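Residues 311 to 514 in this note's numbering are what the sequence shown lists, from first letter to last.
Even glycine gets a Cβ: it sits at the ideal position worked out from N, Cα and C.
Here the structure is a predicted model, which is why all the values come from computation and not from measurement.
Structure record follows, encoded as structure tokens.
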Amino acid sequence: MAMIGTLTINKRRFIWTVVTGFAALLLLIGSLFFTGKLFAAFPLTGIGGFQVNADYIEGTGFELWPAIGETAEKAEWPQAAISMATNKIQGLVLSKALDVSKTLGKYGIHKIEFQVIPLGEVNGKGIKMNVTGIKSDVGDFVMMTVKEKYSKDVLKTFTMGADKVVMEKATINAHSLTASSMSIPMINIKVVAYDANGKPVGSN
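Now the structure itself:
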């Protein structure tokens, strides 16, 4: 979904575009959940986000609903808000890529990627995320519910939930991540530089 013309925006048309965009997003997510497969194309050009990759994610008290949130490239953008009461994550890698071609291109560096890699299982409580994409080899949901509600606020008309969710080989394009508590073992932080062809520059 794209908005053209930032100086003149028809408010009613903008709201309708957001609503139809949410409908398409939720129909896609819902249909893929029911097949047991989650898929979304990455990277999400023109939106931004940081990547959450994990070999295994297990969460309890899973909830998902429509939201509008800020991204690195958009002041407001349709997103899916997710909350989990508890979760445990194995093989976690959190990364953020930045285009530095304008400032470091003359040195052969066009992108840098910050990577945060815990060296063990991560356990969290009160997890809240805003995302614009999820892909996973496996998506299992226990006691899953999908329902809509009447509300004058379109963001409150649709919810999804599950007592338990398990994802394997998951990649999430996220824009915010908070937790009431999180236990993280030893952390390895890396900054990787890439050339114009996407190949690493120098040693890590």
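Give me the Cβ distance between residue i and residue j, rounded to the nearest whole Å; I'm assuming they're in contact under 8 Å.
i       : j       : result
Ala-480 : Met-454 : Not quite, the Cβ-Cβ distance comes to about 17 Å (not below 8 Å), so this is no contact.
Ile-422 : Asn-498 : Not really, about 17 Å apart at Cβ, beyond 8 Å.
Lys-398 : Val-432 : 7 Å
Gly-443 : Asn-483 : 4 Å
Pro-495 : Leu-429 : 6 Å
Ile-437 : Met-394 : 4 Å
In whole angstroms, what is the alpha-carbon distance linking residue i and residue j?
i       : j       : result
Ser-491 : Thr-396 : 10 Å
Glu-383 : Gly-358 : 6 Å
Val-476 : Val-362 : 15 Å
Ala-364 : Thr-467 : 31 Å
Trp-375 : Leu-402 : 24 Å
Phe-372 : Glu-380 : 22 Å
Val-502 : Glu-478 : 25 Å
Glu-386 : Asp-463 : 17 Å
Leu-408 : Ile-392 : 25 Å
Lys-500 : Val-410 : 17 Å
His-485 : Phe-360 : 6 Å
Can you tell me whether residue i is helix, strand or coil according to DSSP?
i       : result
Gly-415 : helix
Lys-466 : helix
His-485 : strand
Ile-437 : strand
Gly-379 : strand
Asn-507 : coil
Val-452 : strand
Ala-395 : strand
Tyr-460 : coil
Val-501 : strand
Met-515 : As shown, the chain starts at 311 and ends at 514. That puts residue 515 outside it, with no answer to give.
Leu-402 : coil
Val-410 : coil
Gly-358 : coil
Glu-431 : coil
Taking the CB atoms as reference points, tell me whether residue i and residue j lie closer together than 7 Å.
i       : j       : result
Phe-424 : Lys-412 : no
Ala-377 : Val-441 : no
Ile-367 : Val-511 : no
Gly-434 : Ala-506 : no
Leu-487 : Met-439 : yes
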